Amino acid sequence: MPRHFLNLFDVSTDDLEQLLADAARLKAARKRGIPAHSLSGRVVGLVFEKPSLRTRVSFEAGVAQLGGTSLFLPGNEVGLGWRESLADFARTMGRFVDIIVLRVFRQTTVDGIAEWAGVPVINGLSDREHPCQALADLQTIIEQFGTVAGKTITFVGDGNNVSMSLAVGVAKLGGQFVLACPAGYEFDAEFQKRFRSELPSVPFPKTVNDPIAGVRNADVIYTDVWTSMGQEAEREERLKRFADFQINAALMAQAPPQARLLHCLPAHRGEEVTDEVIDGPQSVVFDQAENRLHAQKAVLEWVREQ
Ligand code: CP
Ligand code: NVA
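Residue numbers (the numbering used here): 27 to 332.
In structure tokens:
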């Protein structure tokens with residue numbers, strides 16, 4: 027069975043810690059200019075149904091830095107799920123490439139391809155998961171604070187792909203995750219059920235409907251766009267509902283002075299975050315973006331090992 031990276035529920039805490047240690051090692055090696063060959067002779071196929079800057083470029087650059095080759099296929103070009111069945115697509119791709127990276131609308135597409143491909147599948151974002159982002163986020167938190175354990179990470183936004191994946195990673199490493207959102211935008215029932223059944227001994231993330239209460243004890247304040255890709259029809263409604271949840275100087279003033287700002291990017295400046303905060307001294311969003319490269323190189327080596 028190939029080893030996949032589809033979500034953080036399936037990654038043990040030991041493996042998560044190993045991946046983060048490897049990400050730090052790969053970052054240091056790149057800064058020192060040490061060449062790597064761990065993907066020599068391997069081909070990584072990227073299939074993306076949605077736009078991307080960070081995920082696509084960091085994977086393509088990371089594969090090249092590890093001595094491998096990548097190819098990029100827009101989802102509409104291959105007709106994912108409609109030109110032929112997902113199973114036929116997966117079984118064919120798996121004969122050509124060594125690793126598949128997917129960015130798709132539905133998590134069921136990721137899971138379906140993983141079931142049939144016969145090669146490792148890495149989830150580069152779906153409607154329910156963004157585990158590559160979460161790994162880079164955890165790496166960034168460790169760089170800032172030395173640890174995730176005992177730290178409070180407050181996500182100001184909705185219970186979306188980014189917050190669901192990060193909540194699992196934070197919980198596995200002993201941190202406290204808080205979701206600050208308007209009523210009705212909490213983690214959905216499917217996530218709650220899975221979290222409680224797969225992580226029974228870990229406290230369920232806290233939810234607050236007041237942004238000030240959310241940031242008051244936060245070490246990390248994290249935000250994301252209020253309307254994720256695929257939810258465009260809800261944009262006007264969400265702009266209204268999230269208006270009081272903007273990360274601005276007034277809200278940052280309610281947080282402890284050591285608090286750091288994270289954002290997965292792309293940012294909608296002037297909506298979920300103001301220029302003065304995202305460009306201010308507490309923001310580490312570009313270190314966080316850089317860490318996508320190092321964290322994903324660790325994931326590529328980890329799935330290749332099997
Ligand atoms: N954060 C992130 O996944 O960015 P892209 O959508 O640009 O890949
Ligand atoms: N939640 C956002 C993340 C983008 C990287 C989205 O899915 O559009």
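Backbone N, C-alpha and C define an ideal beta-carbon position, used for all residues, glycine too. Quick caveat: nothing in here was measured; it's all calculated off a predicted structure.
Among L79, S152, V182 and N235, which has the Cα closest to the Cα of P292?
Ranking the options by Cα distance to P292, first place goes to L79.
Return the bridge partner residues of Q202 from the DSSP annotation.
Answer is T178, bridged to Q202.
Check each candidate in R56, Q257, V228 and P283 and name the one with the smallest Cα separation from R132.
Among R56, Q257, V228 and P283, the Cα nearest to that of R132 is on Q257.
Please report the straight-line C-alpha distance between P100 and R109, rounded to a whole angstrom.
Their Cα atoms are separated by approximately 13 Å.
Which of the three DSSP states is assigned to T25 in this structure?
As shown, the chain starts at 27 and ends at 332. That puts residue 25 outside it, with no answer to give.
When the Cα atoms are used, what is the spatial distance from G88 to E224?
Taking the straight line joining both Cα atoms gives about 32 Å.
Taking only three categories from DSSP, how would you classify L128?
Looking at L128 - three-state DSSP - the assignment turns out to be strand.
CB contact flag (G183, C207, <8 Å)
In this structure, G183 lies near C207, with their beta-carbon atoms less than 8 Å apart.
Using only CA atoms, which one of D40, D137 and L151 lies nearest to V145?
When each option's Cα is compared against that of V145, the closest is D137.
When the Cα atoms are used, what is the spatial distance from I247 to Q308?
When rounded, the separation of the alpha-carbon atoms in I247 and Q308 is 10 Å.
The region 66 to 84 in contact with the region 40 to 50 per 3-pair CB rule at 8 Å:
Taking a cut-off of 8 Å for Cβ pairs, the region 66 to 84 and the region 40 to 50 do not touch, as fewer than three such pairs fall below it.
Assuming A324 contacts A55 under a Cβ cut-off of 8 Å, what Cβ separation, rounded to an integer in Å, is found between them?
Rounded to whole angstroms, the Cβ separation of A324 and A55 is 11 Å, and the two are not in contact under 8 Å.
With a cut-off of 8 Å on the beta carbons, I'd call F115 and V130 a contact; round off their distance for me.
Not really, about 11 Å apart at Cβ, beyond 8 Å.
Please work out which residues of its chain come closer than 8 Å, Cβ to Cβ, to F31, disregarding the five sequence neighbours upstream and downstream, and give them in chain order.
V37, P146, V147, I148, N149, P157, C158, V325, W328 and V329.
For F230 and G185, which I take to be in contact (beta-carbon distance under 8 Å), what is that distance rounded to the nearest angstrom?
The Cβ separation is near 12 Å, so there is no contact.
How would you call E331, buried or exposed, if buried means at least 16 neighbouring beta carbons within 10 angstroms?
Under this definition E331 is an exposed residue.
Would you call the CB atoms of L205 and T249 closer than 8 Å?
No, the Cβ-Cβ distance between L205 and T249 is not below 8 Å.
Do L288 and Q165 come within 8 Å of each other at the CB atom, strictly closer than that value?
Cβ atoms of Q165 and L288: not closer than 8 Å.
Counting only runs that start and end within the region 36 to 71, where is the beta strand (DSSP E) found for 3 or more residues in a row?
None, since the region 36 to 71 contains no complete beta strand (DSSP E) of that length.
Using a Cβ-Cβ cut-off of 8 Å, state whether R264 counts as contacting chain E.
In the structure shown, chain E does not exist; there is a single protein chain.
Whose C-beta lies closer than 7 Å to the C-beta of V303 among residues of the same chain, with five residues either side of it excluded?
Taken in chain order, the residues that qualify are I273, N274, A275, M278, L287 and S309.
From the DSSP output, in three-state form, read off S152 for me.
It is coil, neither helix nor strand.
Could you pull the DSSP bridge partners for I168 from this structure?
DSSP, once it has assigned bridges, lists no residue as partnering I168.
Is V83 buried or exposed, if buried means 16 or more other CB atoms sit within 10 Å of its CB?
Around the beta carbon of V83, a 10 Å sphere encloses fewer than 16 other beta carbons of the protein chains shown; the residue is thus reported as exposed.
Look at V241 and L34 and say whether their C-beta atoms are less than 8 Å apart.
With respect to L34, V241 sits apart: the two C-beta atoms are not nearer than 8 Å.
Quick test of your reading: A285 and D236, contact by CB under 8 Å. State the CB separation rounded to the nearest angstrom.
About 17 Å separates the two Cβ atoms, so there is no contact after all.
Let me make sure I understand the geometry here. Which of P77, G71 and E86 has the alpha-carbon closest to that of H320?
Comparing Cα positions, the closest option is E86.
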